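Positions -2 to 285 (this note's numbering) are the ones given, in order, by the sequence shown. Beta carbons are placed, not taken as given, at the ideal position from N, Cα and C, and that holds for glycine. Values in this document were obtained by computation on a predicted structure and should not be read as measured data. So the structure is just underneath, and the comments pick up after that.
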Amino acid sequence: MDDPAILSYLARPGKSFRRLSTVFEILSPGTTPFAQISWGAIGTIALIYFGSFFIRGTFGFGSGVPAILLGSYILEPHHAVLLLLTCSSISHVQFIWHGVRHADWGVAWVILVFLIPGVIGGVWVFRELSAAWLTLVLGVVITAIVAISFTDVMVRLEERVNIRSPWISGTLATLSGWIAGAVGAGANYLTVAYLRHACPTAAKLRATGFTLSTVSIIGRIIVTSIAGLISPQIIAETIVLAPVVITGGWMGARFFRALPGARFDQVFRVFLLLVAISVIGKGIVQVT
-2 MDDPAILSYL ARPGKSFRRL STVFEILSPG TTPFAQISWG AIGTIALIYF GSFFIRGTFG
58 FGSGVPAILL GSYILEPHHA VLLLLTCSSI SHVQFIWHGV RHADWGVAWV ILVFLIPGVI
118 GGVWVFRELS AAWLTLVLGV VITAIVAISF TDVMVRLEER VNIRSPWISG TLATLSGWIA
178 GAVGAGANYL TVAYLRHACP TAAKLRATGF TLSTVSIIGR IIVTSIAGLI SPQIIAETIV
238 LAPVVITGGW MGARFFRALP GARFDQVFRV FLLLVAISVI GKGIVQVT
């Protein structure tokens, strides 16, 4: 489940890292968290997840892209996607009631109806993709979505049609569900590009993002569990990362409350730009 290049680097002469497999010897094979990577790599994963869930606490979504893109440098891509999924379920326990109370339900309910069928189809694609193809699809999809977010497509659409129409939100929701199920990240960038115009305030956007993400995560966990993709090792790793995930989300929520409303959109756009750069950077590394 781990990148052979990373393992080769960590195992080279002079690198005498003690692995978690030597600490948790009482556990049965296949349940030891992060058994094949070093303590340094585990610390890096923890830092990535802290930053990723800080982002989720701030914006209501967005932890998936940095967690998967950066995490897949250390873990095998499928492993990175599934670990993020289970960790996200813990994070959303923190925020779901806030989302339910403050979401824009005039928009959210239509998206929810169409989201689940897309998730089911996307998980099937995820199961069939090889690690190399998953990484490629992930990069292409997220780059396209981020590029769209910098255009005025939604502004032009809003001028021509009722942007809160069930047909528009339903179509975007189905596509978002497919992306979430297939690549594990980036789906909310598509719906949020829509929600930025459909929701009247930043607080409504954030709460609606929490609600939609929660439903997407629940649906993906159910489908991936039925498909036998979530292993005991993934669950053990989720438990190890739980304190980091919860702390990152809590600090992100506090940052949001201190952030002036007028600056929310500016910070949001900078965040999307950084995500786009990270996708391009990983693509260059893979090519070279």
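Span separating the alpha-carbon of residue i from that of residue j
| i | j | result |
| --- | --- | --- |
| residue 98 | residue 113 | 21 Å |
| residue 111 | residue 171 | 5 Å |
| residue 18 | residue 199 | Interpretation of residue 18 is limited by its pLDDT of 48, a score under 50 that renders its predicted location unreliable; no figure is taken from the coordinates. |
| residue 252 | residue 32 | 34 Å |
| residue 87 | residue 64 | 15 Å |
| residue 62 | residue 153 | 27 Å |
| residue 106 | residue 35 | 44 Å |
| residue 109 | residue 230 | 31 Å |
| residue 4 | residue 40 | Low confidence applies to residue 4: its pLDDT is 45, below 50, so where it sits in the model is not reliable, and the reading given next is rough at best. Answer to the nearest angstrom: the Cα atoms are 15 Å apart. |
Proximity below 8 Å, CB of residue i to CB of residue j
| i | j | result |
| --- | --- | --- |
| residue 81 | residue 221 | no |
| residue 37 | residue 248 | no |
| residue 232 | residue 83 | yes |
| residue 117 | residue 178 | yes |
| residue 164 | residue 119 | no |
| residue 241 | residue 51 | no |
| residue 77 | residue 205 | no |
| residue 173 | residue 115 | yes |
| residue 85 | residue 227 | no |
C-beta neighbour in chain D for residue i, strict 8 Å
| i | result |
| --- | --- |
| residue 217 | Looking at the structure shown, chain D is missing, and only one protein chain is on hand. |
Nearest to residue i (by Cα), restricted to the options the options
| i | options | result |
| --- | --- | --- |
| residue 66 | 51, 217 and 42 | 42 |
| residue 203 | 215, 163 and 89 | 89 |
| residue 102 | 224, 225, 196 and 51 | 196 |
| residue 255 | 32, 31, 56 and 70 | 56 |
| residue 130 | 228, 73 and 46 | 73 |
| residue 207 | 44, 156, 246 and 162 | 246 |
| residue 169 | 158, 157, 156 and 192 | 192 |
Given 8 Å, three or more beta-carbon pairs between the segment 228 to 245 and the segment 108 to 123
no
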